[in-house]
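Asks:
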Amino acid sequence: MVLVKLKDGGTRRFRSKEERRQIVEETMKPGASVAVVARAHDVNANQVFKWRREYRQGRLDVAKPSAALVPVRISDAISTMQAKPGRRGRTKRSGVIDIDLGHARVRIEGAADAECVRAALEGLLR
Numbered sequence: 000m001v002l003v004k005l006k007d008g009g010t011r012r013f014r015s016k017e018e019r020r021q022i023v024e025e026t027m028k029p030g031a032s033v034a035v036v037a038r039a040h041d042v043n044a045n046q047v048f049k050w051r052r053e054y055r056q057g058r059l060d061v062a063k064p065s066a067a068l069v070p071v072r073i074s075d076a077i078s079t080m081q082a083k084p085g086r087r088g089r090t091k092r093s094g095v096i097d098i099d100l101g102h103a104r105v106r107i108e109g110a111a112d113a114e115c116v117r118a119a120l121e122g123l124l125r
């Protein structure tokens with residue numbers, strides 16, 4: 000945030016696109032109230048509603064570096080968890096898939112089939 004002194008002695012705040020985007024994304028969390036988020040950042044709620052429109056129009060996109068490859072580690076080892084004593088059953092396969100989309104994170108634990116992962120990602124991309 001940048002504070003600018005006006006000729007009449009007052010001040011005016013200017014927020015970067017990144018700051019405005021962060022405030023808007025806070026209002027989009029489940030159960031969030033625009034008024035409460037606006038008050039927390041000392042912004043008028045009407046201003047936040049304007050930023051939300053700009054966000055939906057793609058006008059609050061922050062310049063991101065060009066796409067780059069990310070390191071991936073693939074392991075043949077499958078860790079197994081033994082069933083608790085006294086319970087019948089097979090050993091359970093366990094695993095973790097962490098996906099960071101920037102605006103959301105997905106963590107899938109345990110056995111996950113391709114359909115489950117696809118459905119989770121499609122839901123987030125809407």
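Every letter in the sequence shown is one number past the one before it in numbering that gives the first Met the number 0, and letter 18, counting from 1, is 17.
No residue lacks a Cβ here, since even glycine has one placed at the ideal position from N, Cα and C.
On a Cα-Cα basis, can you pick out the residue from E114, R11, D112 and R51 that is closest to D41?
Replies: Position 42 of the sequence shown, counted from the first residue, corresponds to residue 41. Of the candidates E114, R11, D112 and R51, the residue whose Cα lies closest to the Cα of D41 is R11.
Asks: Going by DSSP, what residue range makes up the alpha helix (DSSP H) through I22?
Replies: Working through the sequence shown from its first residue, we reach residue 22 at position 23. Unbroken alpha helix (DSSP H) run through I22: K16 to T26.
Asks: Straight-line CA distance for M27 to D112?
Replies: Translated into positions along the sequence shown, residue 27 becomes position 28. Translated into positions along the sequence shown, residue 112 becomes position 113. Spanning the two alpha carbons is a distance of roughly 29 Å.
Asks: Are there 16 or more other CB atoms within 10 angstroms of the CB of V36, so buried, or fewer, so exposed?
Replies: Translated into the one-based positions of the sequence shown, residue 36 becomes position 37. Result: buried.
Asks: Decide if the region 15–27 is in contact with the region 48–57; the criterion is three or more beta carbon pairs, one per stretch, under 8 Å apart.
Replies: yes
Asks: Pull the bridge partners of L2 from the DSSP assignment, please.
Replies: Locating residue 2 in the sequence shown gives position 3, counting from the first residue. DSSP output for L2 lists R12 as bridge partner(s).
Asks: With burial defined as no fewer than 16 other Cβ atoms inside 10 Å of the residue's Cβ, what is the status of V47: buried or exposed?
Replies: Counting from 1 along the sequence shown, the entry for residue 47 is found at position 48. Label assigned to V47: buried.
Asks: By the three-class DSSP mapping on this structure, what secondary structure does R52 have?
Replies: What you label residue 52 is simply residue 53 of the sequence shown in a count that begins at 1. It is helical.
Asks: Taking Cβ positions, are G122 and G109 nearer each other than 8 Å?
Replies: For the purposes of this step, residue 122 is taken as the residue at position 123 of the sequence shown. For the purposes of this step, residue 109 is taken as the residue at position 110 of the sequence shown. For G122 and G109, no; Cβs fall outside 8 Å.
Asks: Pick helix, strand or coil for R58, following the three-state DSSP scheme.
Replies: Position 59 of the sequence shown, counting from 1, holds the residue named residue 58. Coil at R58, not helix or strand.
Asks: Are F13 and V3 closer than 8 Å when you measure CB to CB?
Replies: Position 14 of the sequence shown, counting from 1, holds the residue named residue 13. Position 4 of the sequence shown, counting from 1, holds the residue named residue 3. In this structure, V3 lies closer than 8 Å to F13 by Cβ.
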